[in-house]
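Step one of this worksheet: look at the structure below.
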Amino acid sequence: MLHTITWLGAAIRPAHPILLLFAFILLPQYALADRIYFTDGESITGTMVGIEEGKVLWTSAMLGDLNIELRHVDYIESGDHFDLRLTGTELHNCWMFIQREKQHLHCDEGVRPLADWKLVVAAGESLIDAPPVLQQKGSVILALEDSSGNSDIAKYDLNARSEIRLLDTRHTLALRYQDESADGEKTRESWLGSYQYDQFFTDQWFATGNAFYETDEFRDLDERYSMGVGMGYQFLETAYFDLLGKGTLNYVNEDFTTGESRSRPAFLWNLDFAWRIDGDGMELFHRHAILQSFEQGTDYELNTTTGFKYPISGQLSSVVQLEYNYDNLPAEEAIDKVDRKWSVGVNYAF
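Residues 62 to 411 in our numbering are what the sequence shown spells out, letter by letter.
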């Protein structure tokens, strides 16, 4: 910047001293303007207003008011002071600078690097607004197959999930129904319903309780139900990422179609992850549950769902997912330990 000012001053000195004065007044204002750098290498100057709902609110003298998705942002330089909210953390009176090609924040809490702007939930001159009292989101996934000819096959797979946030509580309800038949004979019918309750006592730590009920005739499972309590931790909750883990102590009871029953205490570990790749509905998700009996080391189960959503129109998206279920101690030895299923369906988000 010193070379730029010296060169400009030398060039205009013969014209008039007033021009030199304007140069020294205007150039510092340009130099001190906020600048946002994009992931494609471009950048623009302007004024940062704040961050909300996964977007940077930016004002440019040439382009006007802009809403820039955080996934496009690499760095921000701003001498203005903002409060920033990350998952479980608030930083106060921060200004932003770049050092050694890394984003840094200079806040009242100290100087710290920022790995990715997508981790920021909100930013503004102050973050005193309370979150909405009630928040709700959910999805319904439907996968169908109906074929006829040499073989008549019909398959129906319905997954519904709803999450409700009420103040510092979270309620999650899920329902799963599968129905399959071949040549007029039923080959599978199963139900699974679950409810999870989370009570937050910090932004990230929460007490949790769960209950589920399941029936699967073709795995000789007449009914299974369980209830448990434990603790959970919300690692991330932003416009782009959700990541949480829960560990609970559960009581599990199983009644088999063979007339046998089995009940035991067990440890249940749940993990939920979602990465909303862009702001248009593209999403990668993974959920798994591991159930380990306290009475027998070989009595454990693993259930996972991993999938990808791609937007179609509005609230509709296509979904491809893999479900993998492993039961190391099924009702009978003749029953396979592994169930694996690929499915393609339609997702409706609400």
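Where is the CB? At the ideal position from N, CA and C, for every residue including glycine.
Just the C-alpha distance for W336 and Q265, rounded to the nearest angstrom, thanks.
18 angstroms
Taking its Cβ as the centre, do 16 or more other Cβ atoms sit within 10 Å of L228, making it buried, or is it exposed?
exposed
For S287 versus F273, is the C-beta distance shorter than 8 angstroms?
The criterion of a C-beta distance shorter than 8 angstroms is satisfied by S287 and F273.
Boundaries (first-last residue) of the beta strand (DSSP E) holding P193
Per DSSP, P193 belongs to no beta strand (DSSP E) and is neither H nor E.
Straight-line Cα distance separating W156 from A221:
43 angstroms
Residue closest to F296, alpha-carbon to alpha-carbon, out of F317, R285, F261
It is F261.
Enumerate in chain order the residues of its own chain whose CB-to-CB distance from S223 is below 6 angstroms, with the five nearest sequence positions on each side excluded.
G199, L234
Identity of the residues DSSP links to I159 by a beta bridge:
Q164
Quick check: is the beta carbon of I105 nearer than 8 angstroms to any beta carbon in chain B?
Included in the structure is just one protein chain, with no chain B present.
L363 (DSSP reduced to helix, strand or coil):
Residue state for L363 is assigned as strand, using DSSP reduced to three classes.
Roughly how many angstroms separate the alpha carbons of A327 and K116, rounded to a whole number?
43 angstroms
On the three-state DSSP scale, how would you describe K116?
strand
So, under 8 angstroms CB-CB, E241 and T230 are touching, yes? Tell me the CB distance rounded to an integer number of Å.
Contact flag wrong, Cβ pair sits at about 37 angstroms.
What's the call for Y136, buried or exposed, on a 16-neighbour Cβ count within 10 Å?
buried
Let me check understanding here. Comparing Cα to Cα, which of L203, I112, L305, S324 lies closest to K179?
I112
What did DSSP end up calling L180 once you bin it into helix, strand or coil?
In this structure, DSSP gives L180 a helical state, which the three-state scheme calls helix.
Is the beta carbon of L152 less than 8 angstroms from the beta carbon of L131?
no
Is it true that the CB of S324 sits closer than 8 angstroms to the CB of N331?
no
8 angstroms Cβ cutoff met for S404 and A215:
no
Quick check: what's the CA-CA separation for S121 versus A300?
24 angstroms
Let me check understanding here. Comparing Cα to Cα, which of A184, E298, L383 lies closest to L118?
Checking every option, the nearest Cα to that of L118 belongs to A184.
Is the beta carbon of Y409 closer than 8 angstroms to that of V201?
yes
For the beta strand (DSSP E) holding A272, just list the boundary residues, first then last.
266-277
Cα-Cα separation between N389 and Y361, rounded to whole angstroms
6 angstroms
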